[in-house]
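Chains as they are written, first to last, in our numbering: chain P, 1 to 245; chain U, 246 to 556. The C-beta atom is built at its ideal place from N, Cα and C for all residues, glycine as well.
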Amino acid sequence: MLELKHVSFEVNDETSQKEIIHDISVVIPDERFVVITGPNGGGKSTLARLIAGIEKPTEGQILLDGEDITQMSITERAKAGISFAFQQPVRFKGIQVLDLIRIASGKRLSPADACQYLSEVGLCARDYINREVNASLSGGELKRIEIATVLARGTKLSVFDEPEAGIDLWSFQNLIEVFERMQKKIHKSSIMVISHQERILNIADEIIVLANGQIREQGSREDILPGLLGTPSAVNACQKLQGGN
Amino acid sequence: MAEFKKLDEIQKRILMEVADLHKVPEGAYNIRSNGVSAMRATTANIDIISKPDGSGIDIKIKPGTKNESVHIPVVLSQSGLKEVVYNDFYVGDDCDVIIVAGCGIDNCGNQDSQHDGIHRFFVGKNARVKYVEKHYGSGDGQGKRILNPVTEAYMDENSHMEMEMVQIKGVDNTDRQTKAELAAGASLIVRERLMTHGDQVANSGYRVYLNGEGATADVVSRSVARDTSSQKFDARITGNAPCSGHMECDSIIMDQGKILAVPSLEANDLDAALIHEAAIGKIAGDQLIKLMTLGLTEAEAEEQIINGFLK
Chain P
1 MLELKHVSFE VNDETSQKEI IHDISVVIPD ERFVVITGPN GGGKSTLARL
51 IAGIEKPTEG QILLDGEDIT QMSITERAKA GISFAFQQPV RFKGIQVLDL
101 IRIASGKRLS PADACQYLSE VGLCARDYIN REVNASLSGG ELKRIEIATV
151 LARGTKLSVF DEPEAGIDLW SFQNLIEVFE RMQKKIHKSS IMVISHQERI
201 LNIADEIIVL ANGQIREQGS REDILPGLLG TPSAVNACQK LQGGN
Chain U
246 MAEFKKLDEI QKRILMEVAD LHKVPEGAYN IRSNGVSAMR ATTANIDIIS
296 KPDGSGIDIK IKPGTKNESV HIPVVLSQSG LKEVVYNDFY VGDDCDVIIV
346 AGCGIDNCGN QDSQHDGIHR FFVGKNARVK YVEKHYGSGD GQGKRILNPV
396 TEAYMDENSH MEMEMVQIKG VDNTDRQTKA ELAAGASLIV RERLMTHGDQ
446 VANSGYRVYL NGEGATADVV SRSVARDTSS QKFDARITGN APCSGHMECD
496 SIIMDQGKIL AVPSLEANDL DAALIHEAAI GKIAGDQLIK LMTLGLTEAE
546 AEEQIINGFL K
């Protein structure tokens, strides 16, 4: 269970202080699939980064299974059971896909075992396992490798920042199945996804709408989704292709 | 194997590579240890002859020799030894061979140890050569470990040479100069990996002359400067004919490391197509963050990034 208590986050620019997250309190119980949506610039990615420890809150507390992790480093939080899939995956010269999956799993996996994680995200493992995680991979390929690293970690809480972006050749349905299998496999695990996509919102247990750094709405899918349909917070895939954001 | 535990990932990898090299001297070899030739083997196609004045060896490879290798490792473990060695390789037409020249200095004493190896390659028409050169230093004495290799390649028509130059750890001072002259249709590939630490100083210079039509060169250097070490990379490709050349130097600086990269191009023919790229920077913050979200500490993440970069 992840708990945020009165979490705020401010950044200082040259002239003033800007509050990105304002007094957010939220509980993500075990075995939940939570989708965070809301307008761009509303603080969604910052919230994810605060949970992963990449940013530290200026006020408030973050607890994981009752333990205060507010002051923990990124590494400590990773070890405590939090995984984070970046919106824009990082490239590395010389590091191979196999290396990255091994680091993620914390074990010296055999290439065959590592391949399973790639197959899960629809990549023909044989073609990718020895590739470098560099500019030769497309954005969509990197995105799926990013998801595979989170799968290889198998932690209790996994946070995905817009996992669907750029994976158009691979269907949403496959991504959704990945999430479902993940939750089944890892006992009492929860998944938190930042997304605007209706199809992902459709499988949420719970939806949180974040705007201007605050929670505008929060509740079950049945309560929240009808009000979002047709707005930029719940985009239909076809609509997006037609250019209607 | 108590010492082995103290090594980091990079050292282990290099040690593994150097040990492999000493373990399998199949084919022809000459092992030079503390200034003298310790072991030698020749084959029907590859002869190794000491120069009459004792200054080095001539390696003669018969035309048409295929899938054979020559190993000429050098080991210096005696503190204070300084030597200059001339090794000349005559690679006949149509050969396809691997030449491995590793040098390791272990200096536990207080005097400087120095090995200056001058390697000249005369590569015949249509011959293919893979040349691997690995340098390694160890020992905790005050004496410096100094390696100043000079490599010269004279490549005849349509010959191909691939050079892999690696110097990762323990060499205090190095001034390496590489020169290549390519005739028509010849191609040269260079892959250099260099890491300096402590207060080491490394200079690496390349002069590549593309003298014949269709000659090509691809020189890629990747280096890391840690602690207070400094490096200078000074490379030039000269196009004297319709040819193509590419040069890339990509460096990571850490701590108070310093790097000066001077890539240069010279075109003396209208159809010489030459390109260079150079980049120096610290490890990107998001790379560290990504690996830390996978459970590595910052130091472990750095190690992985460097290890991959120099692979």
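Original post:
Can we say the segment 177-193 of chain P touches the segment 7-18 of chain P, given the rule of at least three CB pairs closer than 8 Å?
Top reply: In short, these stretches do not touch, since the Cβ pair count stays below three.
Original post:
Quick one: is GLY106(P) near chain U, going by C-beta distance under 9 Å?
Top reply: Under the Cβ criterion of 9 Å, GLY106(P) is counted among the residues facing chain U.
Original post:
For LEU541(U), which residues in chain P fall below 7 Å Cβ to Cβ?
Top reply: Going along chain P in sequence order, the residues near LEU541(U) (Cβ under 7 Å) are THR75 and ILE103.
Original post:
Whose C-alpha, out of GLY325(U), ASP333(U) and ARG277(U), is nearest the C-alpha of ILE317(U)?
Top reply: For the options GLY325(U), ASP333(U) and ARG277(U), the alpha carbon positioned closest to that of ILE317(U) is the one of ARG277(U).
Subject >> the segment 534-544 of chain U in contact with the segment 59-72 of chain P per 3-pair CB rule at 8 Å >> reply: Cβ pair count under 8 Å is below three, so no.
Original post:
In its own chain, which residues sit with a C-beta less than 7 Å from the C-beta of GLY280(U), not counting the 5 before and 5 after it?
Top reply: In chain order, LEU326 and GLU328 place their CB closer than 7 Å to the CB of GLY280(U), counting only its own chain and leaving out the 5 sequence neighbours on each side.
**OP:** State yes or no: is the beta carbon of PHE478(U) nearer than 9 Å to at least one beta carbon in chain P?
**Re:** No, no contact with chain P.
Original post:
Within the 9 Å Cβ cut-off, does LYS556(U) reach chain P?
Top reply: LYS556(U) counts as touching chain P.
**OP:** Look at the alpha carbon of LEU157(P) and the alpha carbon of ALA85(P), and state the distance between them as a whole number of angstroms.
**Re:** The alpha-carbon atoms of LEU157(P) and ALA85(P) are separated by roughly 11 Å.
Subject >> Below-9 Å beta-carbon distance, ALA470(U) vs any chain P residue >> reply: Not a single C-beta of chain P is nearer than 9 Å to the C-beta of ALA470(U).
Subject >> 7 Å CB neighbourhood of ARG102(P) in its chain, flanking five on each side removed >> reply: Taken in chain order, the residues that qualify are ARG108, LEU109 and ALA114.
Original post:
So is CYS124(P) buried or exposed if we call it buried at 16+ other beta carbons inside 10 Å?
Top reply: Exposed is the call here.
Original post:
Which residues in the same chain as VAL269(U) place their Cβ atom closer than 6 Å to its Cβ, once the five residues preceding and following it in sequence are excluded?
Top reply: Below a pLDDT of 50, predicted positions are generally treated as unreliable, and VAL269(U), at 45, falls in that range; no measurement from the model is reported.
**OP:** Would you give the residue range spanned by the beta strand (DSSP E) that PRO508(U) belongs to?
**Re:** 503-512 is the span of the beta strand (DSSP E), which, as asked, contains PRO508(U).
Original post:
At a Cβ cut of 7 Å, what residues of the segment 524-554 of chain U count as close to chain P, listed as they run along the chain?
Top reply: The residues in question are ASP531, GLN532, ILE534, LYS535, LEU536, MET537, THR538, LEU539, GLY540, LEU541, THR542, GLN549, ILE550, GLY553 and PHE554.
Original post:
Using DSSP with H/G/I as helix, E/B as strand and the rest coil, what is PHE86(P)?
Top reply: For PHE86(P), the three-state secondary structure derived from DSSP is coil.
Original post:
Leaving out the 5 sequence neighbours to the left and right, which residues in its chain are closer than 6 Å to CYS340(U) when beta-carbon positions are compared?
Top reply: When the five nearest sequence neighbours on each side are left out, the beta carbons in the same chain lying within less than 6 Å of the beta carbon of CYS340(U) are those of ILE306, THR310 and ALA372, in order along the chain.
Original post:
To the nearest whole angstrom, what separates the beta carbons of PHE428(U) and MET408(U), a pair I think is in contact under 8 Å?
Top reply: What sits at residue 428(U) in the sequence shown is Ala, not Phe. The distance from the Cβ of ALA428(U) to that of MET408(U) is about 17 Å, inconsistent with a contact at the 8 Å cut-off.
**OP:** With 9 Å as the threshold, decide whether the Cβ of ASP495(U) is near any Cβ in chain P.
**Re:** Answer yes: the Cβ-Cβ gap between ASP495(U) and chain P drops below 9 Å somewhere.
Subject >> Inside the segment 364-437 of chain U only - beta strand (DSSP E) runs reaching at least 3 residues >> reply: With a minimum length of 3 residues, the continuous beta strand (DSSP E) runs that stay inside the segment 364-437 of chain U are 373-383, 390-392, 395-400, 405-414 and 418-427.
Original post:
If LEU433(U) sits next to ALA398(U), beta carbons under 8 Å apart, how far is it from one beta carbon to the other, in whole angstroms?
Top reply: ALA398(U) and LEU433(U) do touch by the CB rule: their CB atoms are close to 7 Å apart, below 8 Å.
Original post:
Between the C-alpha atoms of ALA135(P) and ARG91(P), what's the straight-line distance to the nearest angstrom?
Top reply: Rounded to the nearest angstrom, the gap between the Cα atoms of ALA135(P) and ARG91(P) is 7 Å.
**OP:** Give, in chain order, every residue of the segment 136-163 of chain P whose Cβ lies closer than 8 Å to some Cβ of chain U.
**Re:** Listed by position along the chain: THR149 and ARG153.
**OP:** Rounded to whole angstroms, what's the CA-CA distance from GLY337(U) to MET284(U)? Just pull it up for me.
**Re:** Rounded to whole angstroms, GLY337(U) to MET284(U) spans 24 Å at the Cα level.
**OP:** Compute the Euclidean distance between the alpha carbons of LYS370(U) and MET406(U), then round it to the nearest angstrom.
**Re:** When rounded, the distance between both Cα atoms is 11 Å.
Original post:
For GLU426(U), does the count of other Cβ atoms within 10 angstroms reach 16, so buried, or fall short, so exposed?
Top reply: In this structure GLU426(U) is buried. Its beta-carbon is surrounded by 16 or more other beta-carbon atoms within 10 angstroms.
**OP:** Provide the residue span of the alpha helix (DSSP H) that contains ASP531(U), from first to last.
**Re:** It spans 530-538 - the alpha helix (DSSP H) in which ASP531(U) sits, taken as one unbroken run.
**OP:** Leaving aside the five residues before and after SER449(U) along the sequence, list all residues of the same chain whose C-beta is less than 6 Å from its C-beta, in chain order.
**Re:** Contacts found: ARG421 and PHE478.
Original post:
Does any CB atom of chain U fall closer than 9 Å to the CB of LYS44(P)?
Top reply: Closer than 9 Å: no.
Original post:
So, helix, strand or coil for SER468(U), using DSSP?
Top reply: Of the three classes helix, strand and coil, the one that applies to SER468(U) here is strand, per DSSP.
Original post:
Are the beta-carbon atoms belonging to ILE270(P) and VAL35(P) less than 9 Å from one another?
Top reply: There is no way to answer for residue 270(P), as the model of chain P reaches only from 1 to 245.
Subject >> Contact list for VAL90(P) against chain U, beta-carbon separation under 7 Å >> reply: Near VAL90(P) (Cβ distances below 7 Å), the residues of chain U are ASP531, GLN532 and LYS535.
Original post:
How about ARG467(U): is its C-beta nearer than 9 Å to some C-beta of chain P?
Top reply: So, interface residue.
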